[in-house]
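Below: the structure, in structure tokens.
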Ligand SMILES: [Mn+2]
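Numbering (the working numbering), first residue to last: 16 to 274.
Written out as structure tokens, the structure reads:
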């Protein structure tokens, strides 16, 4: 299989994304797909915090169809911030178990009213229907370094189906619970337990390595995001964090997986 290109949490940083894609030869100067039959994989959290969530989603959706036309693939999993958009847009009055409006929780977590107003129905539908896990070659792609996925099934398909059903059935308590679970992180980080937990996770869902975003590398290593240009490989090589902290001053990076 040819190389897989993976990019972490973009959080509305459209300009940074264009620069990364251009640098990797995946788009040309007209911002059109030039990656031929390559595979590009996004870790989710396309929106919130940064200036242009709508432009970011628009670009990723367009690249999906441009890549497909020439035998390439642009894949994406859902991040917790992507989940907020359809939730807040479709159910503006919904409240959490504790009685807080989801809208205010979203705003406190970097939600932008300007983005919300500009999303098209098609884009909202796309966000709500993103898979939460993907097995690409021998890499298991998830947004969060969390065990939340294990609540939804024992295979990648089961998990994706169960999450999709929450939206299809307008299961607001279920979506609320998913959001809460999505707030967890660092499940594989513990130096003693992490390797075992990651190995169990891979044994359940397949793949030989977990690729994730969600937890900016700077929050683990203390290295400033502006200096982070490569992934954090940990848990004996079973896990790869590719969140360069694009909303924290990082340029982000493209993680190229050769197999
Ligand atoms: Mn996240």
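For glycine and all other residues, C-beta sits at the position ideal for the given N, C-alpha and C.
Computed from a prediction, not measured in an experiment: that's the story for all the values here.
- Residue 88 carries a strand assignment under DSSP once its states are collapsed to helix, strand and coil.
- Taking every protein chain shown into account, the CB of residue 154 has 16 or more other CB atoms within 10 angstroms, so this residue is buried.
- Burial check for residue 169: the Cβ neighbour count within 10 Å stays below 16, so the residue is exposed.
- Sorting 173, 238, 37 by C-alpha distance to the C-alpha of residue 46 places 37 at the top.
- Annotation for residue 254: 203, 213, 225 place their beta carbon closer than 6 Å to its own, counting only its chain and skipping 5 residues before and after.
- In this structure, the straight-line span from the alpha carbon of residue 251 to that of residue 205 is close to 11 Å.
- Those residues having their beta-carbon less than 5 Å away from any non-hydrogen atom of ligand 1 are, in chain order, 60, 94, 95, 229.
- Bounds of the beta strand (DSSP E) holding residue 57 are 54-57.
- Contact annotation: residue 261 and residue 96 have beta-carbon atoms that are not nearer than 7 Å.
- When the beta-carbon positions are compared, residue 178 and residue 147 come within less than 7 Å of each other.
- In the DSSP assignment, the residues bridged to residue 256 are 227, 247.
- Of all C-beta pairs linking the stretch 159-175 to the stretch 61-79, fewer than three are shorter than 8 Å, placing the two stretches out of contact.
- For residue 241, the closest C-alpha among the options 19, 53, 268 is that of 268.
- The C-alpha of residue 172 lies about 9 Å from the C-alpha of residue 220.
- Nearest C-alpha to residue 114 among 199, 188, 274: 188.
- Contact annotation, residue 23 with residue 228: C-beta distance approximately 4 Å; criterion of less than 8 Å satisfied.
- In this chain, the beta strand (DSSP E) harbouring residue 151 covers 148-151.
- At a Cβ-Cβ threshold of 7 Å, residue 78 and residue 89 count as neighbours.
- When C-beta atoms of the stretch 92-107 are compared with those of the stretch 121-133, three or more pairs fall below 8 Å, so the two segments count as touching.
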